[in-house]
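Chains W and P are the protein sequences, given in the same order. Going by UniProt numbering, the first residue of the first sequence is number 1, and it counts up by one from there. Going by UniProt numbering, the first residue of the second sequence is number 1, and it counts up by one from there. Here the structure is laid out as C-alpha cells; the discussion comes afterwards.
2 protein chains.
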Amino acid sequence: MAARERFDHEIQAIQSELLKLSNLSIQALEISFTAFIEKDFDKSKLVIEQDVVINRLEEEINDRVILVMTRQQPVAKDLRRLVVLLKAAADMERVGDYAVNIAKESIRIGNERFITSVELLEDMCFKTTVMLRQVIEAFVDENMSKAKEIAEYDDQIDEMYGNIITHLMRLSSVAPESISQITYLSFICRYIERCADHATNIAEYLLYLKKGQRFDLNQ
Amino acid sequence: MAARERFDHEIQAIQSELLKLSNLSIQALEISFTAFIEKDFDKSKLVIEQDVVINRLEEEINDRVILVMTRQQPVAKDLRRLVVLLKAAADMERVGDYAVNIAKESIRIGNERFITSVELLEDMCFKTTVMLRQVIEAFVDENMSKAKEIAEYDDQIDEMYGNIITHLMRLSSVAPESISQITYLSFICRYIERCADHATNIAEYLLYLKKGQRFDLNQ
Numbered sequence: 001m002a003a004r005e006r007f008d009h010e011i012q013a014i015q016s017e018l019l020k021l022s023n024l025s026i027q028a029l030e031i032s033f034t035a036f037i038e039k040d041f042d043k044s045k046l047v048i049e050q051d052v053v054i055n056r057l058e059e060e061i062n063d064r065v066i067l068v069m070t071r072q073q074p075v076a077k078d079l080r081r082l083v084v085l086l087k088a089a090a091d092m093e094r095v096g097d098y099a100v101n102i103a104k105e106s107i108r109i110g111n112e113r114f115i116t117s118v119e120l121l122e123d124m125c126f127k128t129t130v131m132l133r134q135v136i137e138a139f140v141d142e143n144m145s146k147a148k149e150i151a152e153y154d155d156q157i158d159e160m161y162g163n164i165i166t167h168l169m170r171l172s173s174v175a176p177e178s179i180s181q182i183t184y185l186s187f188i189c190r191y192i193e194r195c196a197d198h199a200t201n202i203a204e205y206l207l208y209l210k211k212g213q214r215f216d217l218n219q
Numbered sequence: 001m002a003a004r005e006r007f008d009h010e011i012q013a014i015q016s017e018l019l020k021l022s023n024l025s026i027q028a029l030e031i032s033f034t035a036f037i038e039k040d041f042d043k044s045k046l047v048i049e050q051d052v053v054i055n056r057l058e059e060e061i062n063d064r065v066i067l068v069m070t071r072q073q074p075v076a077k078d079l080r081r082l083v084v085l086l087k088a089a090a091d092m093e094r095v096g097d098y099a100v101n102i103a104k105e106s107i108r109i110g111n112e113r114f115i116t117s118v119e120l121l122e123d124m125c126f127k128t129t130v131m132l133r134q135v136i137e138a139f140v141d142e143n144m145s146k147a148k149e150i151a152e153y154d155d156q157i158d159e160m161y162g163n164i165i166t167h168l169m170r171l172s173s174v175a176p177e178s179i180s181q182i183t184y185l186s187f188i189c190r191y192i193e194r195c196a197d198h199a200t201n202i203a204e205y206l207l208y209l210k211k212g213q214r215f216d217l218n219q
C-alpha cells in the first residue's frame, strides 16, 4: 500500500473507533437518564460499571493516534486531523463521565417521588443527544453546515438550563423541605448542559480543521 | 544544533507559551472575580475584551506544536509530550472563557446589593486559583506528588460547590423576590467549579505522560 493510502486507511480506522466511542457515550447518557426517570437503580449502576469500557476505548484511540503520528510522520494538515480526532475522543469520553454522574445523583435521589415534573429535563436531555449524534455525523462527513447548526442548538440548551434552574430555585421557595432533591435535580441539569458543551467543542474542532483556525462557538 | 537539542529547545519554548497562557487565564479569573465582588463593571468588561489575547495564544501553541510534530518527527514518548501540551493549553484557554462568563453574570447582577455573604464563593475561587497555579507548576516541573494533590483539592471544591448551591436553594425559599440574583450567583459558582475541573484534567495528563496511561482523577 502507498504511504498515502495507508494513512487514509488508518484515519478511517481511528474514525470508526471514535464513532464506536461516541455511540457508547451517547447510549450511556440515554440509559442513565432513562434510569433516572424510571428509578431503575440497577440500570444506573450498570452505567457506572460500564464506563471503564468507554475510558479504555479513549486510551486506545490516543495510543493509535500517537502511533500513526510516529510511524507515518504526516504533514501539517494531516497532523491537524489527527489532533482533532484526539480532542473529539476526549470530549466524547467526558460525556460518558457525565452519564456516570447522572447515575450517581439518581441513586442519591432514590425512591423519593419527584417533587416536580421532569419534562423540561427530558426535553433538554433529548435535544442534547440529538446534538451529540449530529455533531459526530458532521465530524465524520466533514459537513460544515451541520457543524454550524450546533452553535444554535447550544444556545437553546443554555436557555433551557437557565429556565430549569430558575424553576428549581422557585420550587425551593415553596418546598424548602425538598431542597436535597432539588439540588440533585439541578446537578443533573448541569451534567446534561455540559454534555451539550462537549458537542459544541467538537463542532469547533471541525471548523478549525476546515478553516485552519479555531472558532469559539461558546461565545 | 543536534536534533535532540533542537527538540528540547522547542518543547521549552512551547512550555513558556503555555505558562504565559496559564498566567493570563488565571489572572483573568482573579480580575473577573474581584470585579464581581467590587461591582467594578469596567473591569468586568476588560476581562471580556481581553479574552481574545488568550484565544490567540492557544492557537499559536496549537500551530507551534503541529509544526514541531511535522518538522522534527519525534518518537512516541516525545509526541505524547506534545499532545499533552496541546491538551493543557486547551484547558487553560477554557479557564479564560469562564472568567468571561463570570464577568457577564457580574454585569447582569449589576448594582443590586448582594443578598447573601459571598465569602464561601471567595474561598472557592481562591482555592481554585491556587489549584490552577499548582497544577501548572507541577506540569512544568513534572512533579507527580503535586499533581496527585490536585485530585484531593478537587474533592474539596466539589464539596464547596454542593454547600454553596444548597445554601442558595435555601435562600430562594426565604427570599423568592431575589431569585434572579440567586440564579446568577449559582452560575458563577458553577463556572468556578469548572475551572477547578480543568486543573484536574491537566493533572491527569501529567500522570498519563509519566505512567503512559490515562488516570481519571474525576471519578
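From the three backbone atoms N, C-alpha and C, an ideal C-beta is built for every residue, glycine too.
Listed by chain order, chain W residues near residue i by CB distance under 9 Å
i: residue 75 (chain P); result: 70
Interface residues of chain W facing residue i [CB-CB closer than 7 Å]
i: residue 144 (chain P); result: What residue 144 (chain P) touches in chain W: nothing, since even the nearest Cβ is about 19 Å away.
i: residue 165 (chain P); result: 183, 186
Residue i versus residue j - alpha carbon distance
i: residue 219 (chain P); j: residue 152 (chain P); result: At residue 219 (chain P) the pLDDT is 45, less than 50, meaning the model places this residue with poor confidence; the figure from the coordinates comes in the next sentence. Their backbone Cα atoms lie some 11 Å apart in a straight line.
i: residue 214 (chain P); j: residue 90 (chain W); result: No answer about residue 214 (chain P) holds up, because its pLDDT of 49 lies below 50 and its placement is not dependable.
i: residue 117 (chain P); j: residue 131 (chain P); result: 23 Å
i: residue 14 (chain P); j: residue 66 (chain P); result: 11 Å
i: residue 22 (chain P); j: residue 33 (chain W); result: 36 Å
i: residue 47 (chain P); j: residue 122 (chain W); result: 35 Å
i: residue 183 (chain P); j: residue 11 (chain W); result: 45 Å
i: residue 198 (chain W); j: residue 53 (chain W); result: 19 Å
i: residue 73 (chain P); j: residue 109 (chain W); result: 52 Å
i: residue 128 (chain W); j: residue 70 (chain W); result: 36 Å
i: residue 136 (chain W); j: residue 125 (chain P); result: 35 Å
i: residue 45 (chain W); j: residue 163 (chain P); result: 26 Å
i: residue 81 (chain W); j: residue 209 (chain W); result: 7 Å
i: residue 4 (chain W); j: residue 140 (chain W); result: 19 Å
i: residue 200 (chain W); j: residue 2 (chain P); result: 42 Å
i: residue 114 (chain W); j: residue 179 (chain W); result: 12 Å
i: residue 55 (chain W); j: residue 119 (chain W); result: 31 Å
i: residue 38 (chain P); j: residue 39 (chain W); result: 45 Å
i: residue 167 (chain P); j: residue 75 (chain P); result: 52 Å
i: residue 145 (chain P); j: residue 92 (chain P); result: 21 Å
i: residue 138 (chain P); j: residue 175 (chain P); result: 44 Å
i: residue 100 (chain P); j: residue 57 (chain P); result: 16 Å
i: residue 9 (chain W); j: residue 60 (chain P); result: 30 Å
i: residue 143 (chain W); j: residue 134 (chain W); result: 10 Å
i: residue 25 (chain W); j: residue 51 (chain P); result: 32 Å
i: residue 30 (chain P); j: residue 95 (chain W); result: 29 Å
i: residue 170 (chain P); j: residue 194 (chain P); result: 23 Å
i: residue 62 (chain W); j: residue 177 (chain P); result: 50 Å
Partner residues on chain P for residue i, Cβ-Cβ distance less than 8 Å
i: residue 169 (chain W); result: 168, 169, 172, 179, 182, 183, 186
Chain P contact residues for residue i, given Cβ-Cβ distances below 9 Å
i: residue 83 (chain W); result: 62, 65, 66, 69, 83, 86
Reduced DSSP secondary structure (H/G/I, E/B, other) of residue i
i: residue 204 (chain P); result: helix
i: residue 116 (chain W); result: coil
i: residue 142 (chain P); result: coil
i: residue 40 (chain W); result: coil
i: residue 176 (chain P); result: helix
i: residue 73 (chain W); result: coil
i: residue 101 (chain W); result: helix
i: residue 96 (chain W); result: helix
i: residue 110 (chain P); result: coil
i: residue 13 (chain P); result: helix
i: residue 196 (chain P); result: helix
i: residue 2 (chain W); result: coil
i: residue 214 (chain W); result: Because residue 214 (chain W) sits at a pLDDT of 49, beneath the cut-off of 50, its placement in the model cannot be relied upon, and the following sentence gives the value as read from the coordinates. Reduced to three states, the DSSP call for residue 214 (chain W) is coil.
i: residue 219 (chain P); result: Its pLDDT being 45, under 50, residue 219 (chain P) is placed unreliably in this model, and the coordinates cannot settle the point.
i: residue 18 (chain W); result: helix
i: residue 60 (chain W); result: helix
Under 8 Å by beta carbon: chain W residues contacting residue i
i: residue 80 (chain P); result: 66
i: residue 190 (chain P); result: 190
The ligand GTP heavy atom lying under 7 Å from the CB of residue i
i: residue 88 (chain W); result: The model on display carries no ligand, and the ligand GTP is accordingly not part of it.
ask   = Pairing CB atoms from the segment 148–162 of chain W with CB atoms from the segment 75–89 of chain W, are three or more of them under 8 Å?
value = Output reads no: the segment 75–89 of chain W does not touch the segment 148–162 of chain W.
inquiry  = Across the segment 185–204 of chain W and the segment 99–114 of chain W, are there enough close Cβ pairs to call them in contact, namely three or more that are closer than 8 Å?
reply    = Contact holds: three or more Cβ-Cβ distances are below 8 Å.
message = Would you call the segment 201–213 of chain W in contact with the segment 194–210 of chain P, where contact means no fewer than 3 C-beta pairs closer than 8 Å?
response = In short, these stretches do not touch, since the Cβ pair count stays below three.
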